[in-house]
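Residue 88 in the UniProt record's numbering sits at position 88 of the sequence shown, with consecutive numbering throughout.
We put the CB at the ideal spot given by N, CA and C, even for glycine.
Below: the structure, in structure tokens.
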Amino acid sequence: MERVRSAFYRPAADETVLSARFRFKKADNFYATILHELVHWAGAAHNLNLIHPTRFESEEYAFEELIAELGRAFLIAYLGVPGEVQHERYHVPWLISCILFVITT
């Protein structure tokens, strides 16, 4: 686990991979990342069966990322995870991609 320097959900293995806690400067960022990846896990085919993007930067991928980020935001608020989490630079491209997808379909 200490070697991992990123976080992601791997559907084929049904596992969430996450950097060790010490790699995060703040505990709230660590917990926010866990919650984001758990939302991905919850949307998997064997759970809620939400979206299953097949390629990076696709409309489906953008929508999946927005679901994970919004879910994370709700969970942070519900659980009372402290700290400021600012992901505007991360959210905007996914949101634009979703809007363009809706407009063009």
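*Look at the Cβ atom of Ser97, then the Cβ atom of Glu59, and state whether they are nearer than 8 Å.*
Looking up residue 97 in the sequence shown gives position 97. Looking up residue 59 in the sequence shown gives position 59. It is a contact, given that the beta carbons lie within the stated cut-off.
*Could you tell me the distance, in whole angstroms, from the CA atom of Val102 to the CA atom of Arg5?*
Along the sequence shown, one-based indexing puts residue 102 at 102. Along the sequence shown, one-based indexing puts residue 5 at 5. Each residue's Cα considered, the two are about 34 Å apart.
*Beta-carbon contacts of Asn49 that lie in its chain and below 8 Å, excluding the five residues immediately before and after*: As a position in the sequence shown, residue 49 is number 49, starting the count at 1. Excluding positions up to five away in sequence, the list reads Gly43.
*Starting from the C-beta of Met1, find all residues in its chain whose C-beta is less than 8 Å away, skip the five residues before and the five after it, and write them out in chain order.*
Along the sequence shown, one-based indexing puts residue 1 at 1. Low confidence applies to Met1: its pLDDT is 43, below 50, so where it sits in the model is not reliable, and the reading given next is rough at best. Correct list, in chain order: Leu18, Ser19, Ala20.
*Leaving out the 5 sequence neighbours to the left and right, which residues in its chain are closer than 8 Å to Ala68 when beta-carbon positions are compared?*
In the sequence shown, residue 68 corresponds to position 68, counting from 1. His36, Glu37, Val39, His40, Gly43.
_Between which residues of its own chain and Tyr74 is the CB-CB distance below 7 Å, once the five residues before and five after are set aside?_
Mapped onto the sequence shown, residue 74 falls at position 74. The residue you asked about is not Tyr; residue 74 is Phe in the sequence shown. Here the set comprises nothing.
_Given Gly80 as reference, the closest of Tyr31, Tyr9, Ala13 once Cα atoms are compared_ = The sequence position of residue 80 within the sequence shown is 80, counting from 1. Among Tyr31, Tyr9, Ala13, the Cα nearest to that of Gly80 belongs to Tyr31.
*Which residue spans inside the UniProt domain "Polyvalent protein metallopeptidase" (5 to 95) form an unbroken beta strand (DSSP E) run of at least 3?*
8 to 10, 15 to 17
*asked:* Check this for me: beta carbons of Leu66 and Leu95, under 8 Å apart or not?
replied: For the purposes of this step, residue 66 is identified with residue 66 of the sequence shown, where counting begins at 1. For the purposes of this step, residue 95 is identified with residue 95 of the sequence shown, where counting begins at 1. Closer than 8 Å, so yes.
*Cβ of Pro82 within 8 Å of Cβ of Asp28?*
Position 82 of the sequence shown, counting from 1, holds the residue named residue 82. Position 28 of the sequence shown, counting from 1, holds the residue named residue 28. Result yes, Cβ atoms of Pro82 and Asp28 sit closer than 8 Å.
*In the structure shown, what three-state DSSP assignment does Thr105 receive?*
Working through the sequence shown from its first residue, we reach residue 105 at position 105. Looking at Thr105 - three-state DSSP - the assignment turns out to be coil, as it is neither helix nor strand.
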